[in-house]
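Visitor: Here it is, the structure, as structure tokens.
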Amino acid sequence: MPLDAATIAELADHLESAQREARPVAQISIAHPGVDIDDGYAIQWAIRARKVARGARIVGMKAGVTSRAKMRQVGIDTPSYGFLADSFAALDGGEIEAGSLIHPRVEPEFAFVLKRDVEGPGCHVGAVLAAADFVMPGLEIIDSRYRDFKFDLPSVVADNSSSARFVLGGRCRPADALDLASSGLVMEKNGEAVAYGAGAAVLGHPAAAVALIANLLARRGEKLRAGDIVLTGGVTEATPVKAGDHIRLRVQDLGSVTIRFA
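Everything in the sequence shown is counted per this note's numbering, starting at 2 for the first residue and increasing by one.
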């Protein structure tokens, strides 16, 4: 049975408070064993509405669990989406306070910026490439609000697919001018390579993750909009970080992006 409106509002407050206070909580399916993925998205959208009501601007969307490496790491094999608020953005070459997060991990990603709306159902890679203004390297800092980074699919969807911070940098290139499926990348932590991959690890092509989000949004009568940033999901497993760590992502033909944890 779907959760009622009062319970959805209560869980949105619970999870957003955990995020704002950097406080771990138990996954919501423990207290609500009947929660399903539709409930999870209802909670996520309630959190989004709470942030907008306090003045946040939604700047785009992110895909979650789009590579086999990430699926193995978290034990979930169904991709999802979350939203990106302006307050999540960090500057290339800048710092993020590690203490503002619970147990942060970093993922190497591709970031699309759209020049036209993208909507489903039936969205595909070609439609995404035609609507993209440019693509650039991105680092997503994920931070599950759940204790020990343990969750199931409805719980992680409710928690905005673990979204916390993101960093964009490097070069902006037209998406259709690149062979993104073959684009290689390496992520370094404190000068040591910790992750290698290529765009094909993300559903066969990074643009497929953008199409996936558009098709999922269509179920709610929503769409991706011109100007949106869309993160396509981790190419590799996520790497844990702590205060003092420095991360650099280098992407073939797209340059590099860096962030330090203070």
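We treat Cβ as the ideally placed atom computed from N, Cα and C, and that holds for glycine.
Nearest-angstrom Cα distance between residue 47 and residue 9?
Guide: Looking up residue 47 in the sequence shown gives position 46. Looking up residue 9 in the sequence shown gives position 8. Those two C-alpha atoms are separated by around 7 Å.
Visitor: Please name the residue, chosen from 195, 3, 54, 50, that lies closest to residue 30 on a Cα-to-Cα basis.
Guide: Position 29 of the sequence shown, counting from 1, holds the residue named residue 30. Residue 3 is the option with its Cα nearest to residue 30.
Visitor: Decide yes or no for the touch test of the segment 237-254 against the segment 122-131: beta carbon pairs closer than 8 Å, at least 3 of them.
Guide: Verdict: no, contact absent.
Visitor: Does DSSP classify residue 135 as helix, strand or coil?
Guide: Locating residue 135 in the sequence shown gives position 134, where the first residue counts as 1. Looking at residue 135 - three-state DSSP - the assignment turns out to be strand.
Visitor: On a CA-only basis, which of 234, 103, 24 is nearest residue 70? Give me that one, please.
Guide: In the sequence shown, residue 70 corresponds to position 69, counting from 1. Minimum Cα distance to residue 70 is reached at 234.
Visitor: How about residue 13: is its C-beta nearer than 9 Å to some C-beta of chain C?
Guide: Within the model displayed, chain C is absent; a lone protein chain is all it includes.
Visitor: Assuming residue 213 and residue 64 make a contact with CB atoms under 8 Å, what is their CB distance in whole Å?
Guide: Position 212 of the sequence shown, counting from 1, holds the residue named residue 213. Position 63 of the sequence shown, counting from 1, holds the residue named residue 64. Right, the Cβ-Cβ distance comes to about 6 Å (below 8 Å), so this counts as a contact.
Visitor: Which one or two residues does DSSP pair with residue 258 in a beta bridge?
Guide: In the sequence shown, the residue the question calls residue 258 occupies position 257. Paired residue(s): 250.
Visitor: Quick one: residues in its chain with C-beta nearer than 6 Å to the C-beta of residue 177, no 5 flanking neighbours on either side, listed in chain order?
Guide: Position 176 of the sequence shown holds residue 177. Hits under 6 Å: 130.
Visitor: Within the same chain, show all residues whose beta-carbon is closer than 6 Å to that of residue 197, passing over the 5 residues directly before and after it, in chain order.
Guide: Start at 1 with the first residue of the sequence shown, and residue 197 comes out as number 196. So the list reads 187, once near-sequence residues are dropped.
Visitor: From residue 12 to residue 153, what distance separates their C-alpha atoms?
Guide: Position 11 of the sequence shown holds residue 12. Position 152 of the sequence shown holds residue 153. So the two alpha carbons sit approximately 16 Å from each other.
Visitor: Please go through the same chain and pick out, in chain order, the residues whose beta-carbon is closer than 7 Å to the beta-carbon of residue 260, but skip the five residues on each side of it.
Guide: Counting from one through the sequence shown, the residue named residue 260 turns up at place 259. Hits under 7 Å: 91, 95, 97, 140, 168, 248.
Visitor: To the nearest angstrom, report how far apart residue 221 and residue 16 are at their CA atoms.
Guide: On the sequence shown, residue 221 is found 220 positions in, with the first residue counted as 1. On the sequence shown, residue 16 is found 15 positions in, with the first residue counted as 1. Approximately 22 Å, taken between the alpha carbons.
Visitor: Tell me the residue span of the beta strand (DSSP E) that contains residue 66.
Guide: By 1-based counting over the sequence shown, the position of residue 66 is 65. No beta strand (DSSP E) holds residue 66; DSSP gives it neither H nor E.
Visitor: Tell me which same chain residues have a C-beta within less than 6 Å of the C-beta of residue 1, skipping the five on either side of it?
Guide: With the chain represented from 2 up to 263, any question about residue 1 goes unanswered, as that position is not in the structure.
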